[in-house]
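See below for the structure under consideration.
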């Protein structure tokens, strides 16, 4: 009888273990892969010549993510070669000739074939032939200056903290790439003044190399608790990096035109719960368009996102499909520039193309050169015109490069004509011409800022993450976010 009594609790324990094992949700395997069409954001580590077959070495500017983790860190080496060179557009060629550059300009298109991870693992890849961009990787971005707290008390401290937070947020997409600096611009200017010169792609030039085939990195085991927050509305002011899959321009886009973006990094909650995995689609539309105007008034563009869509593979990890697609409110928080223009992003996500005031220096110098080229002062002793070789050379060079400088030495009239031509061209380009358009090419990198759940749920079953308004944010509600710093 004692044995029977001892057997009963053992049997109950076995039953309880069996029930708990059945209740526990099983783990799932998620393939880690980078889809075809995804761009590798690269920069050249060495200058290359624009010749077919020229070897190319680059590095990843941004890490690669798949689902909820990093699969290739920034700095991984990517190798390839110049696949072919092709002539530039007729307009670009004509503009070069008008400036005295008669070089048959070409564009080098590069194909990348190998990815090498820091541990030495070599992964073959296949990318679409792609030309370099008009921007340079900024490997040493300036740190935002510490804000000085001029206001005493709690309110002043809160505002200073919020400004520091905003400055830190803006040092993301907008700060990893910059336009060519003074040294690069001077080098380009001097090369362009030669009637014929070699052609290179400078070190640091950015490339967006699209994958022609998926890139595989194995699989990951995901526990059920890791994906419980999928389909949850991100808290207000959450920021995620994404890339546009649609081309936008203040010159050609229309109000109401659809906009689509794909997240390039996962978005987590403060306690590291996954909200949005890599590859989540953000869908919205263009809300305002204004073309650039004469006298360098830049174009303007505004768009936002209203819908979040998880992929079918990711939504299959959830026990319910209610959160595969849900409404949201999200605006542009920052944007990568292409090197030709500066972009300012306002608090509502509107973008405006701006140009530096230093462009007025060129017309002033051209006016000075034109005056020197037309200088025909008479020598008071001999009564003959003074020698003005230097002025003539400057006038010819201003209008038509080194070729114009050589031709201007033969005749003062030619020098004056070239000098005035250079002045007129400089005034038109830097003062009168149309401003720059806001342009986002396909795969342009952006920061998307979420504003919380939309005002009307319209029957949506989404879950909203709780977020409390802190005293700091309430006190600093009048802080403006007016621009994105140049890179």
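Residue numbers (the working numbering): 42 to 528.
Each residue gets a CB set at the ideal place from its N, CA and C atoms; glycine is no exception.
The structure presented is a predicted model; accordingly, all values stated were derived computationally and were not measured.
- For residue 296, there is no enclosing beta strand (DSSP E), as DSSP gives it neither H nor E.
- By the Cβ neighbour-count rule, residue 174 is buried, with 16 or more other Cβ atoms within 10 Å of its own.
- Taking the Cβ atoms as the reference, residue 331 lies roughly 4 angstroms from residue 341, within the contact range of under 8 angstroms.
- The C-beta of residue 153 has 16 or more other C-beta atoms within 10 Å across all chains shown, which makes the residue buried.
- Among the bridge pairs identified by DSSP, residue 172 is matched with 150.
- Around residue 83, the same chain offers 99, 100, 101, 102, 119, 153, 247, 248, 249, 250 as residues with beta carbons nearer than 8 angstroms, after the five sequence neighbours per side are excluded.
- Look at residue 482 here: in three-state DSSP terms it is coil, with no helix or strand label.
- Residue 353 and residue 338 have their C-alpha atoms spaced approximately 45 angstroms apart.
- In this chain, the beta strand (DSSP E) harbouring residue 74 covers 69 to 75.
- Cβ contact annotation for residue 143 (same chain, cutoff 7 angstroms, sequence separation greater than five): 236, 237, in chain order.
- The beta carbon of residue 96 lies closer than 6 angstroms to those of 122 in the same chain, with the five residues before and after it left out.
- Burial of residue 445 is indicated by the presence of at least 16 other C-beta atoms within 10 angstroms of its C-beta.
- When secondary structure is reduced to three states using DSSP, residue 120 falls in the strand class.
- Around the C-beta of residue 276, 16 or more other C-beta atoms lie within 10 Å, and the residue is accordingly described as buried.
- Here residue 480 is buried: its Cβ has 16 or more other Cβ atoms, across all protein chains shown, within 10 Å.
- Assignment of residue 322 by DSSP, reduced to helix, strand and coil, places it in the strand class.
- Take residue 72, set aside five residues on each side of it, and the residues of its chain with a beta-carbon closer than 7 angstroms to its own are 260, in chain order.
- By the criterion of at least three beta-carbon pairs nearer than 8 angstroms, the region 104 to 112 is in contact with the region 304 to 320.
- A distance of 8 angstroms or more separates the beta carbons of residue 407 and residue 477.
- If you ignore the 5 residues before and after residue 334, its C-beta comes within less than 7 angstroms of the C-beta of 475, 476, all in its own chain and listed in chain order.
- The three-state secondary structure of residue 284, taken from DSSP, is strand.
- The Cβ neighbour count for residue 417, taken over all protein chains shown within 10 Å, is under 16; the residue is labelled exposed.
- Only residues of its own chain outside the window of five on either side were considered, and among them 260, 261, 262, 263 have a CB closer than 8 angstroms to the CB of residue 70, listed in chain order.
- Inclusion of residue 170 and residue 151 in the CB contact set at 8 angstroms is warranted, their separation being smaller than that value.
- Restricting attention to 110, 344, 367, the CA atom closest to the CA of residue 295 is found in 344.
- In chain order, 93, 150, 151, 152, 170 place their CB closer than 8 angstroms to the CB of residue 124, counting only its own chain and leaving out the 5 sequence neighbours on each side.
- Assigned with DSSP and collapsed to three states, residue 138 falls in helix.
- Annotated three-state conformation of residue 231 is helix, per DSSP.
- Per DSSP, the continuous beta strand (DSSP E) segment holding residue 316 begins and ends at 315 to 317.
- Within the DSSP secondary-structure output, residue 394 pairs in a beta bridge with 384.
- Under DSSP, residue 290 forms a beta bridge with 480.
- Looking at 411, 458, 372, 482, the one whose alpha-carbon comes closest to that of residue 491 is 372.
- Residue 155 has its alpha-carbon roughly 12 angstroms from the corresponding atom of residue 81.
- Beta-bridge annotation (DSSP): residue 302 is paired with 285, 323.
- Judged by DSSP in its simplified three-state form, residue 399 adopts helix.
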